[in-house]
Amino acid sequence: GVVLLGKLRVVRLLGAGGLGAVYEVEHELTKHRRALKLLHPRHRENTEVVQRFLREASAAGHIGDPHIVETFDAGELPSGEPFLLMEMLEGQPLANLFRDSGRLPIALACDLVCQAAEAVDAAHRAGIVHRDLKPENLFLTSYPDYPDFLKVLDFGIAKLMSTQAPGE
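For the working numbering, add 10 to where a residue sits in the sequence shown, where the first one is 1.
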């Protein structure tokens, strides 16, 4: 029930890891549900970790592909904690599907690989290399008329490439 930035009410904790935590938040006025990713306070003095965290917003924001999680805002809370405000996804990481189901049907596996390839291609065309593709960073959700829609998450260690061709 805590309100952050004067407008985002924390609904629940979605998950936590070594660097931070992700919360479901609701905008007080618009009632939109979003995911708010916060860097743990103990990391805010580490410039490299903070830059890596905020690079996620910058990298994902440059791609503009439906298979890349959308980032709406980024910055610091008044407490100094860096944050990312992202689209709220319902579903599960691909890692959970592997754990719960084992082998995937071949048609589904091929479809998911093609969707991941579309996201990676869009990132590369935007001059970004993800560098951390793994089942934990591939999220299965639904999209209009598409029940097994894949989203690529976590561009925290992405690398920005030169988009110039050699010799230009």
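Backbone N, C-alpha and C fix where the C-beta goes; we use that ideal spot for every residue, glycine too.
- [ ] Check whether the Cβ atoms of A45 and V32 sit closer than 9 angstroms, and answer yes or no.
- [x] Here residue 45 refers to the residue found at position 35 when the sequence shown is read from its first residue. Here residue 32 refers to the residue found at position 22 when the sequence shown is read from its first residue. Contact: yes.
TODO: For E80, name the three-state secondary structure that DSSP assigns.
DONE: Locating residue 80 in the sequence shown gives position 70, counting from the first residue. The answer is coil: DSSP assigns E80 none of H, G, I, E or B.
Open item on the list: Let me check understanding here. Comparing Cα to Cα, which of A117, S152 and H37 lies closest to P103?
Closed with: Locating residue 103 in the sequence shown gives position 93, counting from the first residue. Ranking the options by Cα distance to P103, first place goes to S152.
Task: Inter-residue spacing [alpha-carbon to alpha-carbon] between L160 and I116 - done: Residue mapping note: residue 160 aligns to position 150 of the sequence shown, counting from 1. Residue mapping note: residue 116 aligns to position 106 of the sequence shown, counting from 1. About 16 angstroms.
- [ ] Would you identify the three-state DSSP class for E97, choosing helix, strand or coil?
- [x] Walking along the sequence shown from the start, residue 97 turns up at place 87. DSSP places E97 in strand when its eight states are reduced to three.
Task: One or two residues paired with Q102 in a DSSP bridge - done: As a first step, residue 102 is located in the sequence shown; it is residue number 92 there, counting from the start. DSSP, once it has assigned bridges, lists L150 as partnering Q102.
Open item on the list: I'd like to know whether the C-beta atoms of L163 and L107 end up nearer to each other than 9 angstroms.
Closed with: Along the sequence shown, one-based indexing puts residue 163 at 153. Along the sequence shown, one-based indexing puts residue 107 at 97. In this structure, L107 does not lie closer than 9 angstroms to L163 by Cβ.
Task: Cβ shell of E91 (< 7 angstroms), same chain only, five flanking positions each side left out - done: One-based indexing of the sequence shown puts residue 91 at position 81. Closer than 7 angstroms at the Cβ level, and outside the excluded window around E91, lie L48, L49, P51 and R54.
- [ ] Rank L18, L24 and G30 by C-alpha distance to the C-alpha of T179 and give the top, closest one.
- [x] Given that the chain is displayed from residue 11 to residue 178, the structure contains no residue 179 and the question cannot be resolved.
Task: For L87, three-class secondary structure by DSSP - done: If you number the sequence shown from 1, residue 87 lands on position 77. If DSSP states are grouped into helix, strand and coil, L87 belongs with coil.
Task: Identity of the residues DSSP links to V123 by a beta bridge - done: Here residue 123 refers to the residue found at position 113 when the sequence shown is read from its first residue. BP columns for V123 are empty, so no partner.
TODO: Could you spell out the range, first to last residue, of the alpha helix (DSSP H) harbouring V59?
DONE: As a working mapping, residue 59 is identified with position 49 in the sequence shown. Note, V59: alpha helix (DSSP H), T57 to I73.
- [ ] Starting from the Cα of L99, find the closest Cα among H42, S111 and G28 and give me that residue.
- [x] Position 89 of the sequence shown holds residue 99. Cα-wise, what sits closest to L99 is H42.
TODO: State the DSSP-derived secondary structure class of F159, mapped to helix, strand or coil.
DONE: To locate residue 159, count along the sequence shown from 1; it is residue 149. Looking at F159 - three-state DSSP - the assignment turns out to be strand.
Task: K47, enclosing beta strand (DSSP E) - first and last residue - done: Here residue 47 corresponds to residue number 37 of the sequence shown, with the count starting at 1. Counting along the chain, the beta strand (DSSP E) containing K47 begins and ends at R43 to L49.
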